[in-house]
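Student: Protein chains in written order, with the UniProt record's numbering: chain A, 1 to 262; chain B, 1 to 262.
Ideal Cβ positions, reconstructed from N, Cα and C, are used throughout, including at glycine.
As the structure is a computational prediction, the values presented were derived from the model and not from experiment.
There are 2 protein chains.
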Amino acid sequence: MSPLPSGLLGDLDPTSDRAVFRQIADQLREAIDRGRFHEGDKLPSEADLVEHYGVSRMTVRNSFSILQGEGLVHAEHGKGVFVRPRPPVRRLASDRFARRHREQGKSAFIVEADAAGSHPQVDSLEVKEEKASTDVSARLGSVRRVLARRRRYLLDGRPVEFATSYLPLDIARGTQIAEPNPGPGGIYARLEELGHRLNHFEEEIRARMPSPAEVKTLRLASGVPVIHLIRTAFDTEGRAVEVCDTVMAADAYVLSYQLPAT
Amino acid sequence: MSPLPSGLLGDLDPTSDRAVFRQIADQLREAIDRGRFHEGDKLPSEADLVEHYGVSRMTVRNSFSILQGEGLVHAEHGKGVFVRPRPPVRRLASDRFARRHREQGKSAFIVEADAAGSHPQVDSLEVKEEKASTDVSARLGSVRRVLARRRRYLLDGRPVEFATSYLPLDIARGTQIAEPNPGPGGIYARLEELGHRLNHFEEEIRARMPSPAEVKTLRLASGVPVIHLIRTAFDTEGRAVEVCDTVMAADAYVLSYQLPAT
DNA sequence: CTTGCCCACTCGTCTATACGAGTATGCATG
DNA sequence: CATGCATACTCGTATAGACGAGTGGGCAAG
């Protein structure tokens, strides 16, 4: 247990009314911000800090837990506490559903990830008929049952997004949309072939902390929120033909929209 | 210290390899999800749970800290731990900058909040010239200095959003845009009067955990992420005439966009 | 050289205790 | 009745100790 390089971290201010564990967290945070520790670097161990500050181990752990909650660091059992690297982000532009992007055979996700040089995967594919939730039913116009298409998207082995599409049975049942592989251009291409020419989409965006289930399927580190996006697709007759419910790891995404000023 | 109503919470499973504090958190979470506790309800005190489960206080506190991290509950010193109420959300539609909304005298925020029956406020108004950050400079096209307009928005006394607009000095200096009150229709109306007819906006959206400073200015409860929105306004000549950097309390907002399918 | 074990170091979980500080309530005092 | 204090309850902070479990390096045996 080598002593901490002096000057790396300061001393505590016993006269301060700021709690000791907060002071320690502040100093670590500042050291990270100032670049004393870089992404992926190992922070001093709990034992190091116990010795350096002369406090008990629980106090140090308390400090770490603050930084974890902020998403700044993550602990690895048996190894140490590390500065959390910012993962590469995926940019979603608002024209990502434009018809011209729908021509080729591969899905938008695959094409885009390949172009960005990362390795895309889709798994947990599940297609089945089920009872519509209240919310989905309201959005699709009072349908009882729907076709649900679930899938998880991964980039370089890391899950980044979990999405479920809901479609009214009278549209989707018996079509290729009900097959695991919906064919080139995805379900939007199939919908248009079926006569539902798409007119516009509505997207609702929320951000919140993940549920335990979401932590699991997206393998989220603590302190990482999710972006919850609900998209409704409307055809030219004004009918809602699909609702897509997407939960994204917030640290992996930047959403981008272009709005007319008219 | 009245005993806990039996049946409200279950027992621990000593054979489970799930940590005790997680089991307790699970049971509390489930009880909340099932509606055994409603928004604003007080959960059993730490002492109650210590007695009920026969564990130490730190273990119970550990459970609570999980739920706090999820944004499910919040603790009040001297009172207890409560189920966090879902605050009313503000919906931001993608047409909120349409020209027709810019006619009246009051700001969009005030009009909209009044209509929703809540009491809007704007404070911390600050207008000054300053050095442009790298990011802002890049977005505005390599300007050195900018006019910055900072303000905080509150609904019913609660801060919900903190925004800063940056404008190139050659556009804003000496105009009403540089005054604390930009006049009816806001700075977008002034920009158009100055000959910068607006063509479109670009919005970039991220979600992340707040910095300590953001926790303070937005008075955020723990477990509440922020939505970080960066909007760039372009005039008909393709020039970026304003960058607006907005940090919103994520539990107070739903963003809504409408996209053409073309 | 390879295999396998031991050991040191790491964080994870849990107990027990202590005192501080904010809140609410009831009771005694004025 | 009103004021103010005592008190009990709440969570906040901190200490000290114990054992468990994952990781990785070194060393000894094969």
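Roughly how many whole angstroms lie between the Cα atoms of H196/A and A172/A?
Tutor: Sequence index remark: in the first sequence, residue 196/A carries index 196 (1-based). Sequence index remark: in the first sequence, residue 172/A carries index 172 (1-based). Those two C-alpha atoms are separated by around 11 Å.
Student: Got a sec: which bits of the stretch 183 to 208 of chain B sit with their beta carbon under 7 Å from any beta carbon on chain A, in order along the chain?
Tutor: L198, N199, H200, F201, E202, E203, E204, I205, R206, A207, R208
Student: Would you say R99/A faces chain B, with C-beta separation under 9 Å as the test?
Tutor: Residue numbering aside, residue 99/A sits at position 99 when the first sequence is read from its first letter. At a cut-off of 9 Å between beta carbons, R99/A contacts chain B.
Student: Going by the DSSP bridge assignment, what does P180/B pair with across the sheet?
Tutor: For the purposes of this step, residue 180/B is identified with residue 180 of the second sequence, where counting begins at 1. Assignment of beta-bridge partners to P180/B by DSSP yields no partner.
Student: Taking only beta-carbon positions, decide if A233/B is within less than 9 Å of chain A.
Tutor: Translated into positions along the second sequence, residue 233/B becomes position 233. Taking Cβ atoms only, chain A reaches closer than 9 Å to A233/B, which makes this a yes.
Student: Taking three-plus beta-carbon pairs below 8 Å as touching, is the stretch 60 to 75 of chain A in contact with the stretch 228 to 235 of chain A?
Tutor: no
Student: Which residues of chain A have a Cβ atom closer than 7 Å to the Cβ of I227/B, listed in chain order?
Tutor: For the purposes of this step, residue 227/B is taken as the residue at position 227 of the second sequence. Here the neighbours are A207.
Student: Cβ closer than 8 Å: which chain A residues qualify as neighbours of T246/B?
Tutor: Residue 246/B sits at position 246 when you count from the first residue of the second sequence. Correct list: empty, because the minimum Cβ distance to chain A is about 13 Å.
Student: Counting Cβ pairs closer than 8 Å, one from the stretch 241 to 255 of chain A and one from the stretch 88 to 95 of chain A, do we hit at least three?
Tutor: As far as the Cβ criterion goes, the stretch 241 to 255 of chain A touches the stretch 88 to 95 of chain A, which means the pair count is three or higher.
Student: Interface residues of chain A around A250/B at Cβ under 8 Å?
Tutor: If you number the second sequence from 1, residue 250/B lands on position 250. One finds R206, A207, R208, P225 in chain A with Cβ atoms closer than 8 Å to the Cβ of A250/B, taken in chain order.
Student: Identify the contact partners of P260/A in chain B, using a Cβ-Cβ distance below 7 Å as the criterion.
Tutor: Looking up residue 260/A in the first sequence gives position 260. By Cβ distance, chain B contributes H200.
Student: Output, in sequence order along the chain, the residues in the stretch 22 to 48 of chain B whose CB is closer than 7 Å to any CB in chain A.
Tutor: Within the stretch 22 to 48 of chain B, no residue has a Cβ that lies closer than 7 Å to any Cβ of chain A.
Student: What does the Cβ neighbour count give for L220/A, buried or exposed, with the cut at 16 atoms within 10 Å?
Tutor: The residue you call residue 220/A lines up with position 220 of the first sequence. Around the beta carbon of L220/A, 16 or more other beta carbons sit within 10 angstroms, so the residue counts as buried.
Student: Which runs of the alpha helix (DSSP H) spanning at least 4 residues fall entirely within the stretch 178 to 245 of chain B, listed in chain order?
Tutor: 186 to 193, 212 to 217
Student: Which residues of chain B have a Cβ atom closer than 8 Å to the Cβ of V254/A, listed in chain order?
Tutor: Position 254 of the first sequence, counted from the start, is the residue given in the question as residue 254/A. Those are E204, I205, R206, listed as they occur along chain B.
Student: Spatial neighbours of S2/B within its chain, please: CB distance less than 6 Å, with the 5 preceding and 5 following residues excluded, ordered by chain position.
Tutor: Here the question's residue 2/B lines up with position 2 in the second sequence. At S2/B the pLDDT is 49, less than 50, meaning the model places this residue with poor confidence; the figure from the coordinates comes in the next sentence. Closer than 6 Å at Cβ, skipping near neighbours: no residue.
Student: List, in order along the chain, the chain B residues whose C-beta lies closer than 9 Å to that of E112/A?
Tutor: Against the first sequence, residue 112/A aligns to sequence position 112. Per Cβ cutoff of 9 Å: no residues; E112/A is ~17 Å from chain B at best.
Student: Give the C-beta separation of V143/A and Y153/A to the nearest angstrom, bearing in mind that I take them to be a contact with Cβ-Cβ under 8 Å.
Tutor: Sequence index remark: in the first sequence, residue 143/A carries index 143 (1-based). Sequence index remark: in the first sequence, residue 153/A carries index 153 (1-based). V143/A to Y153/A, Cβ: 26 Å. No contact.
Student: Between which two residues does the beta strand (DSSP E) containing G63/B stretch?
Tutor: The sequence position of residue 63/B within the second sequence is 63, counting from 1. The sequence shown places Ser at residue 63/B, not Gly. No beta strand (DSSP E) contains S63/B, which is instead part of the alpha helix (DSSP H) from 57 to 69.
Student: Please report the straight-line C-alpha distance between L191/A and A249/A, rounded to a whole angstrom.
Tutor: Counting from one through the first sequence, the residue named residue 191/A turns up at place 191. Counting from one through the first sequence, the residue named residue 249/A turns up at place 249. Going by the C-alpha atoms only, they are around 28 Å apart.
Student: Taking the beta carbon of R34/B as the centre, do at least 16 other beta carbons fall within 10 Å, making it buried, or is it exposed?
Tutor: Residue numbering aside, residue 34/B sits at position 34 when the second sequence is read from its first letter. Taking all protein chains in view, the Cβ of R34/B is surrounded by fewer than 16 other Cβ atoms within 10 Å, so the residue is classified as exposed.
Student: Could you tell me the alpha carbon to alpha carbon distance between V55/B and N62/B, rounded to whole angstroms?
Tutor: Position 55 of the second sequence, counted from the first residue, corresponds to residue 55/B. Position 62 of the second sequence, counted from the first residue, corresponds to residue 62/B. V55/B and N62/B: Cα-Cα distance of roughly 11 Å.
Student: Can you list, in chain order, the residues of its chain with a C-beta nearer than 6 Å to that of L259/B? Leave out the 5 residues immediately preceding and following it.
Tutor: Residue 259/B sits at position 259 when you count from the first residue of the second sequence. Excluding positions up to five away in sequence, the list is empty.
Student: Measure the C-alpha to C-alpha separation of R139/B and A178/B and round it to an integer number of angstroms.
Tutor: Sequence index remark: in the second sequence, residue 139/B carries index 139 (1-based). Sequence index remark: in the second sequence, residue 178/B carries index 178 (1-based). One C-alpha to the other measures close to 20 Å.
Student: Which residues bound the beta strand (DSSP E) around F162/A?
Tutor: As a working note, residue 162/A is residue 162 in the first sequence. Unbroken beta strand (DSSP E) run through F162/A: 158 to 168.
Student: Within 10 Å of its beta-carbon, does residue 267/A have 16 or more other beta-carbons around it, so buried, or fewer, so exposed?
Tutor: Examination of residue 267/A is not possible in this model, given that chain A is present from 1 through 262 alone.
Student: Using alpha carbons as the reference points, say which of H38/A, E130/A, L28/A, I227/A lies closest to D48/A.
Tutor: Mapped onto the first sequence, residue 48/A falls at position 48. Checked all of H38/A, E130/A, L28/A, I227/A; the closest Cα to D48/A is L28/A.
Student: Could you list which residues in chain A have their beta carbon closer than 8 Å to that of S94/B, in chain order?
Tutor: By one-based count along the second sequence, residue 94/B stands at place 94. From the beta-carbon of S94/B, the residues of chain A found nearer than 8 Å are Y257, L259.
Student: Tell me, please, whether the CB atom of S133/A is closer than 9 Å to any CB atom in chain B?
Tutor: Position 133 of the first sequence holds residue 133/A. Not one chain B Cβ lies under 9 Å of S133/A.
Student: How close, in whole Å, do the beta carbons of N181/A and D235/A come, if the pair is a contact with beta carbons under 8 Å?
Tutor: Along the first sequence, read from residue 1 onward, the residue named residue 181/A stands at position 181. Along the first sequence, read from residue 1 onward, the residue named residue 235/A stands at position 235. The pair is not a contact, with the Cβ atoms about 23 Å apart (cut-off 8 Å).
Student: Name the residues in the stretch 60 to 83 of chain A whose C-beta lies less than 8 Å from a C-beta of chain B; which are they?
Tutor: S65, G69, E70, G71
Student: Would you tell me roughly how many angstroms separate the C-alpha atoms of R206/B and E204/A, rounded to the nearest one?
Tutor: Here residue 206/B refers to the residue found at position 206 of the second sequence. Here residue 204/A refers to the residue found at position 204 of the first sequence. The C-alpha of R206/B lies about 14 Å from the C-alpha of E204/A.
Student: Within 10 angstroms of the Cβ of P225/B, are there 16 or more other Cβ atoms? Answer buried if so, exposed if not.
Tutor: Here residue 225/B corresponds to residue number 225 of the second sequence, with the count starting at 1. It counts as buried.
Student: Can you list, in chain order, the residues of its chain whose CB lies under 8 Å from that of D13/A, leaving out five sequence neighbours each side?
Tutor: In the first sequence, residue 13/A corresponds to position 13, counting from 1. Around D13/A: Q23.
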